[in-house]
Structures are given as structure tokens and as C-alpha cells.
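> For our numbering, count along the sequence shown from 1 and bump the result up by 1. Glycine included, C-beta positions come from ideal geometry on N, C-alpha and C. Computed from a prediction, not measured in an experiment: that's the story for all the values here.
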Amino acid sequence: MLDRYARRLIDPPLNQLGHGLAGRGFSANSVTLIGLGLGLLAALTIALGAPVLALVPLLLSRLADGLDGAVARATQKTDFGGYLDIAADFLFYGAIPMAFVLADPGANGAAGAFLLTAFYFNGTSFLGYAILAEKYGHKTDAQGQKSLYYSNGILEGTETIVFFVALCLFSSSFAPLAWIFGSLCFLTATLRIMAAKQLYTD
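1) Can you tell me whether Asp80 is buried or exposed, with buried defined as 16 or more other CB within 10 angstroms of its CB?
2) Provide the residue span of the alpha helix (DSSP H) that contains Arg63, from first to last.
3) Per DSSP, what kind of secondary structure is Tyr207 in: helix, strand or coil?
4) Report back the beta-carbon spacing between Cys169 and Leu56 to the nearest angstrom; my notes put them in contact at under 8 Å.
5) Taking the alpha helix (DSSP H) that Gly50 belongs to, which residues open and close that run?
6) Measuring alpha carbon to alpha carbon, tell me which of Phe171, Ser184, Gly67 and Ile162 ends up nearest His34.
7) Spatial neighbours of Ser184 within its chain, please: CB distance less than 8 Å, with the 5 preceding and 5 following residues excluded, ordered by chain position.
8) For the alpha helix (DSSP H) holding Ser184, just list the boundary residues, first then last.
9) Measuring alpha carbon to alpha carbon, tell me which residue in Thr189, Trp180, Ala190 and Ala134 is nearest Thr202.
10) For Ala112, I'd like the list of residues in its chain whose CB is within less than 7 Å of its CB, leaving aside the five on either flank, ordered along the chain.
11) Among residues of its own chain, excluding the 5 on either side of Ile155, which ones have a beta-carbon nearer than 8 Å to its beta-carbon?
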């Protein structure tokens, strides 16, 4: 819901930084993998019981996630680069809730399982919608220039990062926050499926 507004603010400085990284020989795929590594480091830090400290690699990973597209635009965008980016994103999105479960299975296990199920459902609705949009030739750049169709929803990347930051700052409230956010993920996916039914029913 907030991605299109966030992109207007962050794209100009990201594009400038991306040009600089491209000029220093960085490829978009290498920036994607660096971002994934930082995200997994954040997850490990959370699992070891230091969620506030995890904010540093977590936020750096999201910076890298924005920079890989900027580097691609400064050099050459590829279909594989877009594929690698979304795969890395989904691994990161799953690793953070899992880290909180590992940190305290008794308190966080049920809520973490619910959240991961919601992420799985929401991610499937997102990727399935992108396949249909590609089949019908639909395009959008509301969330910036992407390699695949980014359908909007109640929860998008911006909301998820804010949620992860809140989890790190208020880790003792993981369970209620996860139940709430997971429920909104289910709602987002359901509304996306309803929208697809309206557009793509032959």
C-alpha cells in the first residue's frame, strides 16, 4: 500500500548510489547476494537473542535490495536478475520470523508458524498474479521498474520492513504482532485473488 509513495522518495538517491556502484564494477546480482547475506546475518543475530543489534544488518540488507535494481538500471537489466531478486526477498522474509521462533520456540512457535503460512499464501498469490499479468500483457511501474508485475495490496514491501523493525524493537510482543500481521497478509492475498478473478476469468 505504501510502496508507490516510498519509491518516490527513495528512488532518486538509490539511482545515484546505483550509478556509483556500477561504475566501481559491482553487478546487480552481486548486490542482491550481498543483501541476502546481510538479511540472513540479521536472522542469525535474532536467533541468538540480539534482535535490536540485528537492525543494523537488517536495514543494510534492505538498502542493498533497493540498490540492486538501481545498479541494474545503470548497467543492464536481466530476467535472471529479477528472478534472483524475488527469490532472495522471499528467503529473507521467511528467515526473520523463523529466527524469532528459534529464539523462543515456546512463546513464538504458534504465532511464527501462522505468520510463515500467511507469507506463503501471500507470496503465492503475488507470484501467481504476476504470471497472469504477464500472460495478458499487463504492465505497471507503480512500485518502480520491476522485472515482473508487482500487484499492490494492503501489505507490501514497505509495510513488511516496518513490521520487521517493530519486531526487533519490541521482540517480547512478537506473538501478538505476528498474529495481526499474518491476518493482514491473509486478507491481502484474498483480495488479490478476488481482483484476479475479476480481471482474468475467461
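So, from the listed chains and residues:
1) exposed
2) Leu56 to Ala75
3) Shown here, the chain extends from 2 to 203; a query on residue 207 therefore has no answer.
4) 5 Å
5) That residue, Gly50, is in no alpha helix (DSSP H); it is neither H nor E in DSSP.
6) The displayed chain sequence assigns Leu, not His, to residue 34. If we check each option's Cα against that of Leu34, Gly67 comes out closest.
7) Ala119
8) Phe175 to Tyr201
9) Ala134
10) Phe175, Ala176, Ala179 and Trp180
11) Met2, Leu185, Leu188, Thr189 and Leu192
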